[in-house]
Structure formats: structure tokens, C-alpha cells
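Peer 1: In the working numbering, the protein residues as written are 28 to 217. All C-beta atoms in this analysis are idealised placements derived from N, C-alpha and C, irrespective of residue type, glycine included.
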Amino acid sequence: MKTMDVMIVGVGGQGTLLASRVLGEALIAAGCDVKVSEVHGMSQRGGSVVTYVRSGEKVYSPIIEQGGADVLLAFEQLEAARWLPWLKKDGRVIVNTQQIDPMPVITGAAEYPEQILDQVEKAGADTVRIDALGKAMEAGSVKAVNMVLLGVLAAGTDIPEEDWLEAVRRTVPEKFVEMNLKAFGMGYHS
Numbered sequence: 028m029k030t031m032d033v034m035i036v037g038v039g040g041q042g043t044l045l046a047s048r049v050l051g052e053a054l055i056a057a058g059c060d061v062k063v064s065e066v067h068g069m070s071q072r073g074g075s076v077v078t079y080v081r082s083g084e085k086v087y088s089p090i091i092e093q094g095g096a097d098v099l100l101a102f103e104q105l106e107a108a109r110w111l112p113w114l115k116k117d118g119r120v121i122v123n124t125q126q127i128d129p130m131p132v133i134t135g136a137a138e139y140p141e142q143i144l145d146q147v148e149k150a151g152a153d154t155v156r157i158d159a160l161g162k163a164m165e166a167g168s169v170k171a172v173n174m175v176l177l178g179v180l181a182a183g184t185d186i187p188e189e190d191w192l193e194a195v196r197r198t199v200p201e202k203f204v205e206m207n208l209k210a211f212g213m214g215y216h217s
């Protein structure tokens with residue numbers, strides 16, 4: 028069983044924690060040992076959130092060391108750049124093209140950096156850009172960005188799509204399941 032280390036990074040309120048739970052459910056169903064660690068920071072104030080999801084035959088620690096992530100699932104451009112040093116040299120970045128201004132930009136103390144994703148690609152990362160916000164809105168809610176991104180990630184694994192869909196059904200509150208399944212499918216088939 029191949030080890031897979033995924034960092035899910037974003038801003039508080041984007042659904043990174045739900046995405047990590049669905050990812051963990053799918054990996055456990057596939058027979059993996061899974062460890063998850065969440066770092067919330069100032070998440071309730073729009074601050075950075077990072078979740079480590081490690082899986083394999085046997086995983087001893089939930090923490091991913093710098094340079095150790097196979098996949099960086101970034102819910103926002105600046106977060107992709109911030110956490111890029113944690114990606115392996117041959118790792119993959121799946122990034123939502125959305126920009127969310129951090130507090131220094133909102134207050135005028137700083138400017139949002141330009142061409143962030145070009146810089147990520149220049150660093151050598153295999154980068155997948157996706158307008159997850161647009162697809163989430165098409166699926167029915169801006170809150171479904173997490174499922175769009177998770178769908179893109181899932182399509183690159185050997186876990187069957189139906190197993191992923193079942194993980195969504197088991198994890199997401201019932202009244203939101205259909206919308207989340209639609210968003211997941213939009214990412215999976217993009």
C-alpha cells in the first residue's frame with residue numbers, strides 16, 4: 028500500500044476540516060492506516076488553516092515534515108505559496124484560483140502578491156489550477172469549494188469514484204449531501 032501525505036491548506040471557514048474528514052474516510056475504506064492533524068490558528072478570523080492527512084500501510088505520526096507532502100490541496104492562492112516548502116520535489120499542488128485578502132491587505136498595510144501561481148509553477152511544482160469557487164457556485168453553494176478540490180484530488184488516486192462518493196455521503200450532513208456530491212463530481216470530472 029502506497030503512502031500518501033496530503034496537506035490541506037486554506038483560510039478559516041472554507042471547509043478544509045470537512046475535506047480532511049472525507050479524505051480520511053475514503054482512505055480508511057480503502058484499507059489505509061490514516062492519521063490526521065489539524066492546526067486552526069486564527070481560523071475564526073479568516074486566518075490560515077492547515078490539516079495534515081497521512082495514509083499508508085502503517086502511519087506513526089500525523090505531522091508532515093517540510094519537503095514531505097505528496098499533495099498540497101490549496102483552497103486559496105496565497106496559502107499555496109505559503110505552504111509550498113512542505114511539498115516534495117515531485118509533489119502536486121491542486122489550487123483554487125480564488126484570492127482571499129488577508130488582514131494586512133484589507134487594512135491597506137500590504138498588497139496581495141501578483142502572479143502567485145506562476146511563482147508556484149516556477150518553483151517546479153506540478154500545479155493544477157481550478158476555479159473551484161465558480162464550480163461550487165454552479166453546484167449550488169460557495170461552501171462547496173472543498174468538495175470540488177477534493178474531487179480533483181480523488182481523480183488522481185486509485186480509489187474508485189463510488190468509494191469517494193460513499194465517503195461524502197457518510198461524512199456530510201444529510202441535507203447537504205446532494206449539493207456536495209454534485210460539487211465533488213465537478214472536480215472529479217474536470
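Leaving out the 5 sequence neighbours to the left and right, which residues in its chain are closer than 6 Å to ALA137 when beta-carbon positions are compared?
Peer 2: Your numbering for residue 137 matches position 110 in the sequence shown. Answer for ALA137: PRO131, listed in chain order.
Peer 1: What are the partner residues of SER217, as DSSP defines its beta bridges?
Peer 2: As a working note, residue 217 is residue 190 in the sequence shown. BP columns for SER217 are empty, so no partner.
Peer 1: Is the region 164-180 touching the region 139-152, taking contact as three or more C-beta pairs under 8 Å?
Peer 2: Output reads no: the region 139-152 does not touch the region 164-180.
Peer 1: Is it true that the CB of GLY83 sits closer than 8 Å to the CB of MET10?
Peer 2: Residue 10 lies beyond the range of the chain shown here (28 to 217); nothing can be said about it.
Peer 1: Between MET206, PHE211 and VAL172, which has its C-alpha nearest TRP191's C-alpha?
Peer 2: One-based indexing of the sequence shown puts residue 191 at position 164. For TRP191, the nearest C-alpha among the options comes from PHE211.
Peer 1: Exposed or buried, what is THR134 when buried is set at 16 or more other beta-carbons lying within 10 Å of its beta-carbon?
Peer 2: In the sequence shown, the residue the question calls residue 134 occupies position 107. Looking at its Cβ environment, which holds fewer than 16 other Cβ atoms inside 10 Å, THR134 is exposed.
Peer 1: In the DSSP assignment, find the unbroken beta strand (DSSP E) run with GLU65 in it and report its ends.
Peer 2: The sequence position of residue 65 within the sequence shown is 38, counting from 1. GLU65 -> beta strand (DSSP E) spans 60-66.
Peer 1: Which residues share a DSSP beta bridge with TYR79?
Peer 2: Stepping through the sequence shown from its first residue, residue 79 is reached at position 52. Answer is MET34 and SER64.
Peer 1: Could you check where the beta strand (DSSP E) with ALA53 kicks off and where it finishes?
Peer 2: Taking the sequence shown and counting its residues from 1, one reaches residue 53 at position 26. First-last for ALA53: 43-56, but that is the alpha helix (DSSP H), not the beta strand (DSSP E).
Peer 1: Report yes if the C-beta distance between LEU114 and LEU99 is below 8 Å; otherwise report no.
Peer 2: Working through the sequence shown from its first residue, we reach residue 114 at position 87. Working through the sequence shown from its first residue, we reach residue 99 at position 72. In this structure, LEU99 lies closer than 8 Å to LEU114 by Cβ.
Peer 1: What's the gap between the Cα of ASP97 and the Cα of ARG119?
Peer 2: Numbered from its first residue, the sequence shown carries residue 97 at position 70. Numbered from its first residue, the sequence shown carries residue 119 at position 92. Taking the straight line joining both Cα atoms gives about 6 Å.
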